[in-house]
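A.B. asks:
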Amino acid sequence: MLTIEGFKQALRHAQSEIEANKDTLTDLDRAIGDGDHGINMSRGFDAVAAILDDEYASLGELSKKVGMTLMSKVGGAAGPLYGSAFVKAAPKFGDATEADFALVKEALEEGTAAIKARGKSTAGQKTMVDVWEPFLDGLSESDDFTSKLDHLVNETEGMLATKGRASYFGENSRGTIDPGALSSSIVLKAIMKEVD
Ligand code: ADP
Ligand code: MG
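Residue numbering for the sequence shown follows this note's numbering, starting at 91 and increasing by one per position.
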């Protein structure tokens, strides 16, 4: 079960992991972007951490607040994408104060759909979608979430970027892991850790 407290814990954990990987995210984005992804995500998750001491009546209310915060604080391309994922997941959680594995999966599927709609992107374009979509595809409670996510992140390394800033690098976009794929794996790992 994912409780409100568990969701908060996941977001705090995400914040500390983003902080620990800030330079890596920035280095990846320096190679195939403009070098701000670590800075953007760190600013956004610091702002999320700051709203976690408030009281929330439901998982939906918390998810919406997280999304709005990310949308206004992350910036770049990733801000509206992460923001819409949590905002659109919110109605799936609705008034629930705890969610079982199936509900968490459905909420994250809504999040994936929101990222794809906002980014006008599909799997195979070397973006965060290449983590979110295949991670949820056929996801089962008995999966090893960490190794599935690590595998998907590594798979982006050889891909050709055809969306976002990395696409300007053409063939040179190959050979670098997508920064948004890495940050997505950090966020998803943190959430999945609290679903038990
Ligand atoms: P910006 O590219 O504006 O500098 P960030 O560096 O914060 O924004 O985020 C870059 C990440 O956003 C990429 O690594 C990629 O995963 C993701 N991204 C960019 N554009 C799209 C898109 N259209 N659809 C999905 N993800 C995208
Ligand atoms: Mg960038």
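Note that beta-carbon positions come from the ideal geometry of N, C-alpha and C, so glycine has one too. Predicted model only: the values in this text are computed from it and were never measured.
(1) Within the continuous alpha helix (DSSP H) that includes Met-282, where are the two ends?
(2) Report buried or exposed for Thr-116, applying the criterion of at least 16 other Cβ atoms within 10 angstroms of its Cβ.
(3) Please specify which runs of the beta strand (DSSP E), each continuous and at least 3 residues long, are wholly inside the region 219 to 244, giving them in chain order.
(4) Return the CA-CA distance between Phe-191 and Gly-254, expressed in angstroms with no decimal places.
(5) Measuring CA to CA, which of Asp-143, Asn-130 and Phe-183 is closest to Met-91?
(6) With distances taken between CB atoms, is the gap from Asp-220 to Thr-202 smaller than 8 Å?
(7) Answer yes or no: do Thr-266 and Ala-100 have a C-beta to C-beta separation smaller than 8 Å?
(8) Does Lys-210 pass the burial test, meaning 16 or more other C-beta atoms within 10 Å, or should it be called exposed?
(9) Looking only at C-alpha atoms, which of Phe-97, Asp-233, Asp-268 and Ser-230 sits nearest to Ser-148?
(10) Would you call the region 271 to 282 in contact with the region 216 to 234, where contact means no fewer than 3 C-beta pairs closer than 8 Å?
(11) Taking 7 Å as the cut-off, is the CB of Gly-209 close to at least one heavy atom of ligand 2?
(12) Kindly indicate which three-state DSSP category Glu-145 falls into: helix, strand or coil?
(13) Determine the DSSP secondary structure at Leu-193, reduced to helix, strand or coil.
(14) Taking 8 Å as the limit between beta carbons, can you name the residues of its chain near Arg-102, skipping five residues before and five after?
(15) Since Pro-224 and Leu-242 should fall inside the 8 Å C-beta cutoff, what is the C-beta to C-beta distance between them, to a whole number of angstroms?
C.D. replies: For this structure:
(1) Locating residue 282 in the sequence shown gives position 192, where the first residue counts as 1. Element bounds for Met-282: 269 to 283.
(2) The residue given as residue 116 occupies position 26 in the sequence shown. With 16 or more other Cβ atoms inside 10 Å of its own Cβ, Thr-116 counts as buried.
(3) With a minimum length of 3 residues, no continuous beta strand (DSSP E) run stays inside the region 219 to 244.
(4) The residue you call residue 191 lines up with position 101 of the sequence shown. The residue you call residue 254 lines up with position 164 of the sequence shown. So the two alpha carbons sit approximately 32 Å from each other.
(5) Here residue 91 corresponds to residue number 1 of the sequence shown, with the count starting at 1. Of the candidates Asp-143, Asn-130 and Phe-183, the one whose C-alpha sits nearest the C-alpha of Met-91 is Phe-183.
(6) In the sequence shown, counting from the first residue as 1, residue 220 sits at position 130. In the sequence shown, counting from the first residue as 1, residue 202 sits at position 112. No.
(7) For the purposes of this step, residue 266 is identified with residue 176 of the sequence shown, where counting begins at 1. For the purposes of this step, residue 100 is identified with residue 10 of the sequence shown, where counting begins at 1. In this structure, Ala-100 does not lie closer than 8 Å to Thr-266 by Cβ.
(8) Residue mapping note: residue 210 aligns to position 120 of the sequence shown, counting from 1. Its Cβ having fewer than 16 others within 10 Å, Lys-210 is exposed.
(9) Within the sequence shown, the letter at position 58 stands for residue 148. The shortest Cα separation from Ser-148 among Phe-97, Asp-233, Asp-268 and Ser-230 belongs to Phe-97.
(10) As far as the Cβ criterion goes, the region 271 to 282 touches the region 216 to 234, which means the pair count is three or higher.
(11) One-based indexing of the sequence shown puts residue 209 at position 119. For ligand 2, not one heavy atom lies less than 7 Å from the Cβ of Gly-209.
(12) Looking up residue 145 in the sequence shown gives position 55. In the structure shown, Glu-145 sits in coil (DSSP, three-state: anything other than H, G, I, E or B).
(13) To locate residue 193, count along the sequence shown from 1; it is residue 103. Secondary structure of Leu-193 (DSSP, three-state): helix.
(14) Taking the first residue of the sequence shown as 1, we reach residue 102 at position 12. Around Arg-102, the same chain offers Ala-139 and Leu-142 as residues with beta carbons nearer than 8 Å, after the five sequence neighbours per side are excluded.
(15) Along the sequence shown, one-based indexing puts residue 224 at 134. Along the sequence shown, one-based indexing puts residue 242 at 152. Confirmed, about 6 Å.
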